[in-house]
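Data first, discussion second: the structure below is written as structure tokens.
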DNA sequence: AAATAAGTTCGATACATACCGAACTAATAG
DNA sequence: CTATTAGTTCGGTATGTATCGAACTTATTT
């Protein structure tokens, strides 16, 4: 294939996209590098070199990714270094399950708004009710959707 | 009802929540104020006073909210001012429909990662494939979910 | 024990951007 | 035709935070 884009540009693009979706640029670069490298394991040190970042930034970034279960640390006998790889059997649905918390917060926010109103059935109150119902709907439906994904994934194994 | 929280605290809380969900604090305050005020229409000027914000901030904020269709401008005969209210018949599903763009971007990102790899069927390639499939699944399922919401809402009218 | 290696932590920096203030535009009023 | 009102625009500020650099920790090697 005739790649218009090289690996390094791809890694930077991953950084921008992951930043856009709420993580940090460096976290995105790490995922990007793990995606395109042909090595099975990448050392802490290799990240600092290939991503041109400080040890401290790599340290906090791999911790963030590890706590999200997106990457997994690995060690080798007779080797002091820590290596990383994309987490095997990562469950993608969990990335959304964690984010559904904001849905109930939005629901509660709109419901609470109604309680401040003198007229609890006017246009504004109706607007707030519909807003709250939308977020409640989403909060109820998304788990089912994620279950469906997990079940579907299980079948193909 | 015995409100532990007053209106002003509620408005600030709206600011923080909307900020958390990707908008700005001031935009959240505007929604919050429109939620709790008993006035049908709120003038530009009233926002600056009650939210203690500059005209420029209110100007950009109401523009943002107007472009999202969340609020609607209103004018009165013989009155030069612009008033605002929560948009009647706002379609809540659109707020998510707009955000689904990131899903296809994530899908494309993971697919592109595979193309850089020498081994296109190893563990990493499989990881990328599953990631891509997850985002494709979401991109496919969410419109249906939003349709379901819209249909359900239509029934109750 | 001294030196090296592998990460961590924490104060400082640099960058992005929400918000402000002042100058400006356009329309109406006196 | 000047003054006022209503809002916009744009350069600057200030706040939050991702990233950096240096000091520190802990373990290993010589």
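Protein chains in written order, with our numbering: chain A, 856 to 1012; chain B, 856 to 1012. Quick reminder that beta carbons are idealized off the backbone N, C-alpha and C, glycines included.
Nonlocal neighbours in the same chain, by C-beta distance under 6 Å from residue i, ignoring five residues either side
{"i": "residue 993 of chain B", "result": "958"}
{"i": "residue 997 of chain A", "result": "955"}
{"i": "residue 857 of chain A", "result": "Unreliable positioning characterises residue 857 of chain A in this predicted model, as indicated by a pLDDT of 43, which lies under 50. A coordinate reading is not provided."}
{"i": "residue 991 of chain A", "result": "962"}
{"i": "residue 933 of chain B", "result": "none"}
Within 7 Å, strictly: CB atoms of residue i and residue j
{"i": "residue 965 of chain A", "j": "residue 987 of chain A", "result": "yes"}
{"i": "residue 911 of chain A", "j": "residue 882 of chain A", "result": "no"}
{"i": "residue 982 of chain A", "j": "residue 941 of chain B", "result": "yes"}
{"i": "residue 903 of chain A", "j": "residue 913 of chain A", "result": "yes"}
{"i": "residue 969 of chain A", "j": "residue 975 of chain A", "result": "yes"}
Opposing strand residues paired with residue i [DSSP bridges]
{"i": "residue 929 of chain A", "result": "A:938"}
{"i": "residue 898 of chain A", "result": "A:938"}
Beta-carbon separation (whole angstroms), residue i vs residue j, contact threshold 8 Å
{"i": "residue 886 of chain B", "j": "residue 925 of chain B", "result": "7 Å"}
{"i": "residue 947 of chain B", "j": "residue 985 of chain A", "result": "7 Å"}
{"i": "residue 939 of chain B", "j": "residue 905 of chain B", "result": "Not confirmed; about 13 Å, so no contact."}
{"i": "residue 899 of chain B", "j": "residue 937 of chain B", "result": "5 Å"}
{"i": "residue 1000 of chain A", "j": "residue 1000 of chain B", "result": "7 Å"}
Residue closest to residue i, alpha-carbon to alpha-carbon, out of the options
{"i": "residue 889 of chain A", "options": "A:975, A:1004, A:870, A:875", "result": "A:870"}
{"i": "residue 864 of chain A", "options": "A:900, A:891, A:929", "result": "A:891"}
{"i": "residue 860 of chain A", "options": "B:1007, B:971, B:1008, B:999", "result": "B:971"}
{"i": "residue 962 of chain A", "options": "A:943, A:989, A:953", "result": "A:989"}
{"i": "residue 872 of chain A", "options": "B:933, B:991, B:960", "result": "B:960"}
{"i": "residue 862 of chain A", "options": "B:1000, B:973, B:1008, B:1010", "result": "B:973"}
{"i": "residue 927 of chain B", "options": "B:945, B:935, B:934", "result": "B:945"}
{"i": "residue 919 of chain B", "options": "B:1010, B:991, B:877", "result": "B:877"}
{"i": "residue 1015 of chain A", "options": "B:995, B:868, B:967", "result": "Residue 1015 of chain A is absent from the structure shown; chain A starts at 856 and stops at 1012."}
Own chain residues within Cβ distance below 8 Å of residue i, not counting five before or after
{"i": "residue 949 of chain B", "result": "924"}
{"i": "residue 909 of chain A", "result": "903"}
{"i": "residue 943 of chain B", "result": "927"}
Nonlocal neighbours in the same chain, by C-beta distance under 7 Å from residue i, ignoring five residues either side
{"i": "residue 874 of chain A", "result": "880, 883"}
{"i": "residue 1006 of chain A", "result": "none"}
{"i": "residue 895 of chain B", "result": "940"}
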